[in-house]
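> Residue numbers (this note's numbering): 301 to 673.
Positions of the beta carbon are idealized from the N, C-alpha and C atoms, including for glycine.
Please see the structure below; I have some questions.
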């Protein structure tokens, strides 16, 4: 299956670029983006995923404005060409690799559109790989980089246009294997004995520097994966170093605490503490400004979840009253919160991502879906 990308010297296996190195049907390649204005009046997110062994490409664009969230969903048969990152009216364009990306949602029947240009302000920072087994079966093994930057452009909902001018944003790109799409048949996996996950992720833009933290924890609250770094930010994308940034400061001690909102599994406030090799300590306090339900970009969505076959091309619109949603329904547990952060004299904006399913002793959660007391 030779495609245009095979003309470049980028092969990593003996196979053509369009053919993944493995037959796992959950192999994927995915873009994710978000942006929030400094007043916390809106938070938008977009995503586009390719699942070549499932023959599917899907994409989403969703916006929270106050207490209401709007979403565009699209799904199609995957194209042969890897450069064709288009799902109906939604397109992701790499304008300049690692420097500028454009997200466009052309005018459509669902009355949600955008034209947004992301310009990088940091290096693409590689995070530790995510690895998870179910018994002896490898169900998650992926790579991801995260990058901070700024947005310019606009988005429009039902004819109301919002101008976007130097809005703080974060993007990531991940690829590998993770559970997506329709579940496999046969005997249930061992994780069904005590299902659950705890994940907390927190990138923050402080203007001159950014911090990036992420952790998985086990049921008792002990980290099974944790990392955090402090990186420089650049006003001129041409000044961003190639490869690793010599100004990156790796943290050797990382911890966090979350004050959970009563009756939910989302944060009312949070704090991150870190220390670097030189013994310098950093404390970041987080105050949520806006809530964004991740089902708006397909996560845990029963109908528009990632990698589900919807047909040759299908699109849809959804909207939610956030205050009317049951916070303990499974599909609502995965949450992004736009946060204002303080680290010493620095004040910044960023994202607090949490998903907690099942027992987590350190948080006080005893059952599969109980809320904070």
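1. By Cβ distance below 7 Å, which residues in the same chain neighbour residue 367 in space, the five residues on each side in sequence not counted?
2. Considering only DSSP beta bridges, list what residue 395 is partnered with.
3. Who does residue 462 pair with in a DSSP beta bridge?
4. Where does residue 348 sit, in a helix, a strand or coil, going by DSSP?
5. Could you tell me the distance, in whole angstroms, from the CA atom of residue 432 to the CA atom of residue 460?
6. Measure the alpha-carbon distance for residue 655 versus residue 497 and round it to whole angstroms.
7. Does residue 594 come out as helix, strand or coil in the three-state DSSP assignment?
8. Can you pull the DSSP bridge partners for residue 430?
9. Do you know offhand how far residue 718's Cα is from residue 487's?
10. Answer yes if the stretch 566-577 comes into contact with the stretch 549-556, meaning at least three C-beta pairs across the two stretches below 8 Å, and no otherwise.
11. For the beta strand (DSSP E) containing residue 641, list its first residue and its last residue.
12. Which same chain residues, not among the five before or five after residue 404, have their C-beta less than 6 Å away from its C-beta?
13. For residue 613, does the count of other Cβ atoms within 10 angstroms reach 16, so buried, or fall short, so exposed?
14. Enumerated in chain order, which unbroken segments of the beta strand (DSSP E) with a length of 3 residues or greater are wholly contained in the stretch 303-355?
15. Per DSSP, residue 437 is paired with what?
16. Suppose you measure from the CA of residue 388 to the CA of residue 378; what does that come to, to the nearest Å?
17. For a quick check, are the C-beta atoms of residue 540 and residue 423 less than 7 Å apart?
18. Can you give me the Cβ contacts of residue 381 inside the same chain, cut-off strictly under 7 Å, excluding the 5 residues immediately before and after it?
19. Within the stretch 476-520, note down every full beta strand (DSSP E) run reaching 3 residues or more, in order along the chain.
20. Return the chain-ordered list of same chain residues with a C-beta closer than 8 Å to the C-beta of residue 408, the five sequence neighbours on each side being excluded.
21. Going by C-alpha distance, which of 314, 640 and 327 is nearest residue 510?
22. On the DSSP bridge assignment, give the partners of residue 588 in chain order.
23. Quick test of the definition: if touching needs 3 or more C-beta pairs under 8 Å, does the stretch 661-672 touch the stretch 598-605?
24. Rounded C-beta distance between residue 590 and residue 642? I'm assuming under 8 Å.
25. Check residue 555 in the structure and name its three-state DSSP category.
26. Check whether the Cβ atoms of residue 441 and residue 481 lie closer than 7 Å to each other.
27. Whose C-alpha, out of 547, 548, 499 and 546, is nearest the C-alpha of residue 525?
28. Classify residue 314: buried if its beta carbon has 16 or more other beta carbons within 10 angstroms, exposed otherwise.
29. Please classify residue 406: is it buried, with 16 or more other beta-carbons within 10 angstroms of its beta-carbon, or exposed?
30. Nearest CA to the CA of residue 334: which residue from 318, 307, 449 and 428?
31. With three or more beta-carbon pairs closer than 8 Å as the criterion, would you say the stretch 324-332 touches the stretch 460-475?
32. Using 8 Å for Cβ pairs, my map puts residue 506 next to residue 646. What's the rounded Cβ distance?
33. In whole angstroms, what separates the C-alpha of residue 338 from that of residue 427?
34. Reducing DSSP to helix, strand and coil, say where residue 358 ends up.
35. Could you pull the start and end residues of the beta strand (DSSP E) that residue 385 belongs to?
36. Okay, do the stretch 319-328 and the stretch 342-362 touch, 3+ Cβ pairs below 8 Å being the bar?
Working from what's here:
1. What you label residue 367 is simply residue 67 of the chain shown in a count that begins at 1. The answer, listed in chain order, is 621, 622 and 623.
2. Along the chain shown, read from residue 1 onward, the residue named residue 395 stands at position 95. Per DSSP, none; premise fails for residue 395.
3. On the chain shown, residue 462 is found 162 positions in, with the first residue counted as 1. Paired residues: 455.
4. Within the chain shown, the letter at position 48 stands for residue 348. Of the three classes helix, strand and coil, the one that applies to residue 348 here is strand, per DSSP.
5. Counting from one through the chain shown, the residue named residue 432 turns up at place 132. Counting from one through the chain shown, the residue named residue 460 turns up at place 160. Looking at the two C-alpha atoms, the distance is approximately 43 Å.
6. Start at 1 with the first residue of the chain shown, and residue 655 comes out as number 355. Start at 1 with the first residue of the chain shown, and residue 497 comes out as number 197. Going from the Cα of residue 655 to the Cα of residue 497 covers about 7 Å.
7. Here residue 594 refers to the residue found at position 294 of the chain shown. Correct three-state label for residue 594: helix.
8. Taking the chain shown and counting its residues from 1, one reaches residue 430 at position 130. BP columns for residue 430 point to 442.
9. The question about residue 718 has no answer, for the chain in this structure spans 301 to 673.
10. yes
11. Taking the chain shown and counting its residues from 1, one reaches residue 641 at position 341. Residue 641 -> beta strand (DSSP E) spans 635-643.
12. Working through the chain shown from its first residue, we reach residue 404 at position 104. Within the same chain, residue 404 has close Cβ partners 391 and 415.
13. Here residue 613 is taken as the residue at index 313 of the chain shown, counted from 1. It is exposed - the Cβ of residue 613 has fewer than 16 other Cβ atoms within 10 Å.
14. 327-336 and 342-351
15. Start at 1 with the first residue of the chain shown, and residue 437 comes out as number 137. DSSP lists 434 as partners of residue 437.
16. Working through the chain shown from its first residue, we reach residue 388 at position 88. Working through the chain shown from its first residue, we reach residue 378 at position 78. In a straight line, the C-alpha of residue 388 is about 12 Å away from that of residue 378.
17. As a first step, residue 540 is located in the chain shown; it is residue number 240 there, counting from the start. As a first step, residue 423 is located in the chain shown; it is residue number 123 there, counting from the start. In contact: residue 540 and residue 423 (Cβ atoms closer than 7 Å).
18. Locating residue 381 in the chain shown gives position 81, where the first residue counts as 1. Around residue 381: 303 and 304.
19. 497-505 and 509-517
20. Indexing the chain shown from 1 puts residue 408 at position 108. Cβ neighbours of residue 408 beyond the five flanking positions: 372, 388, 389 and 615.
21. For the purposes of this step, residue 510 is taken as the residue at position 210 of the chain shown. Out of 314, 640 and 327, 640 has the C-alpha closest to the C-alpha of residue 510.
22. Along the chain shown, one-based indexing puts residue 588 at 288. 639, per the DSSP bridge assignment.
23. no
24. The residue labelled residue 590 in the question sits at position 290 within the chain shown. The residue labelled residue 642 in the question sits at position 342 within the chain shown. With 8 Å as the limit, residue 590 and residue 642 do not qualify as a contact, their Cβ atoms being about 17 Å apart.
25. By 1-based counting over the chain shown, the position of residue 555 is 255. Looking at residue 555 - three-state DSSP - the assignment turns out to be strand.
26. Here residue 441 refers to the residue found at position 141 when the chain shown is read from its first residue. Here residue 481 refers to the residue found at position 181 when the chain shown is read from its first residue. Not a contact, by the Cβ cut-off of 7 Å.
27. Within the chain shown, residue 525 is the residue found at index 225, counting from 1. The shortest C-alpha separation from residue 525 is found at 499.
28. On the chain shown, residue 314 is found 14 positions in, with the first residue counted as 1. Under this definition residue 314 is an exposed residue.
29. Counting from 1 along the chain shown, the entry for residue 406 is found at position 106. Label assigned to residue 406: exposed.
30. Taking the first residue of the chain shown as 1, we reach residue 334 at position 34. Residue 334 has its Cα closest to that of 449, out of 318, 307, 449 and 428.
31. yes
32. Counting from one through the chain shown, the residue named residue 506 turns up at place 206. Counting from one through the chain shown, the residue named residue 646 turns up at place 346. Yes, residue 506 and residue 646 are in contact; Cβ-Cβ is about 4 Å, under 8 Å.
33. As a position in the chain shown, residue 338 is number 38, starting the count at 1. As a position in the chain shown, residue 427 is number 127, starting the count at 1. About 26 Å.
34. Along the chain shown, one-based indexing puts residue 358 at 58. In this structure, residue 358 counts as strand in the three-state DSSP scheme.
35. Residue 385 sits at position 85 when you count from the first residue of the chain shown. Per DSSP, residue 385 belongs to no beta strand (DSSP E) and is neither H nor E.
36. yes
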